[in-house]
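To start, the structure under review is shown below, and the notes come after it.
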Amino acid sequence: MRQMLGIVAVPAANTGLGLLMWSGMTTALLQLRPDGASTLHQLQLLGLLAGGSLLGAGLLMQRSARRAAPRWPRRVWLLATGTLAIALVLGVLLATGAWMTAGPALVAAGLLVLLAAFATVAAIASGFATPAAPAPWRQPLVLPVQLLFAMATGLALLYLLMDRLFVSGNDGRTMLATLTGLGACLAVCKLVYWRAVGRPPDAAVRRARFVVIALVAGAPLLAWLLALWGRAPGVVLLLGSALALLGAALLEHRLFLDEGNARDAGHES
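Taking the numbering used here, the leading residue of the sequence shown gets 361, the next gets one more, and so forth.
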């Protein structure tokens, strides 16, 4: 059980942080369009609530996992707590209608949420790269991969919220195209990373790597093509893409942990 919590903790926290990044950024940008800001405040509130809940769940799972997962540095907990605090302030400002009277405060709070969430993802990723860590955890592409997963999964959830709150229309195609682009970047980074860490001898691991690439790049691409052809409802395609990205994040992190543990076992034997 603790091992499972250790696997889920990072993807859950990163997804929440990604959702907070997008919510903070869009809140700040919307203040540049006063006519459209008030119509989307409900979306930003839901994004902050969902992102904060996922981040909090990730923190609780990481604490419960204890020795079943690598410990997070103290700076991760400080940054995560600060991110939640700033997100709470931003949520209160939105809930009290501050977009009508305190636009600059919303811009500042939104940008702070974006920067704090970004820094927390970076701290989680760099926390694996201690001097005593196995080589796969110290690979330079670990940080870009973690950031891309946070951005992709967080954006997929934000798109789902947007589709439920507003009529997407042709915007659903744009959403899926954006997720396809992020998925393609993720696939390239993971392929380069896996080439650097070496080909695994186990065929099951190679199949799992293929599944990760198929989920991050193939699933959003297929959903986008189906949307262009009008073969399925937009919400079904967005939900399928979000589930595929979340599943890929979980499987990728399990492989990442196993790669480090296997390298340690190889050194010990």
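In this text, a Cβ means the ideal position worked out from N, Cα and C, and glycines have one as well.
Rounded C-beta distance between residue 516 and residue 539? I'm assuming under 8 Å. 6 Å
Residue 387 lies in the alpha helix (DSSP H); which residues open and close that run? 362–390
By Cβ distance below 7 Å, which residues in the same chain neighbour residue 442 in space, the five residues on each side in sequence not counted? 476
Residue 523 - containing alpha helix (DSSP H), residue span: Residues 502–525.
Quick check: residue 440 and residue 405, are their CB atoms within less than 8 Å of each other? no
On the three-state DSSP scale, how would you describe residue 554? helix
Would you call residue 376 buried or exposed, if buried means 16 or more other Cβ atoms sit within 10 Å of its Cβ? Buried, by the Cβ-count rule.
Per the contact definition of three or more C-beta pairs closer than 8 Å, is the segment 601–608 in contact with the segment 533–550? yes
Using the beta-carbon count (16 or more within 10 Å), is residue 556 buried or exposed? exposed
Between the Cα of residue 569 and those of 553, 580 and 583, spot the shortest distance and give me the residue it belongs to. Nearest option by C-alpha distance: 553.
Name the two residues that bound the continuous alpha helix (DSSP H) containing residue 576. It is not in any alpha helix (DSSP H) - residue 576 carries neither H nor E in the DSSP assignment.
In the DSSP assignment, find the unbroken alpha helix (DSSP H) run with residue 559 in it and report its ends. Element bounds for residue 559: n/a, residue is neither H nor E.
Quick test of the definition: if touching needs 3 or more C-beta pairs under 8 Å, does the segment 494–512 touch the segment 410–424? no
Check whether the Cβ atoms of residue 520 and residue 465 sit closer than 8 Å, and answer yes or no. no
Please classify residue 499 as buried or exposed, where buried requires at least 16 other C-beta atoms within 10 Å of its C-beta. buried
Distance between residue 470 and residue 387 (C-alpha atoms, nearest Å): 6 Å
Helix or strand or just coil, what does DSSP make of residue 570? helix
How many Å lie between residue 453 and residue 509 at the Cα? 29 Å
Between 567, 449 and 533, which lies nearest to residue 473 when the distance is taken from Cα to Cα? 449
Given a cut-off of 8 Å, decide if residue 391 and residue 467 are closer than it, judged by their beta-carbon atoms. yes
Using the three-state DSSP reduction, which class does residue 420 fall into: helix, strand or coil? helix
Closest to residue 616 by CA distance: which of 363, 367 and 361 is it? 367
Residue environment, residue 594, which counts as buried when at least 16 other CB atoms sit within 10 Å: buried
So, residue 587 versus residue 533, is the Cβ gap smaller than 8 Å? Yes, the Cβ-Cβ distance between residue 587 and residue 533 is below 8 Å.
What's the call for residue 514, buried or exposed, on a 16-neighbour Cβ count within 10 Å? buried
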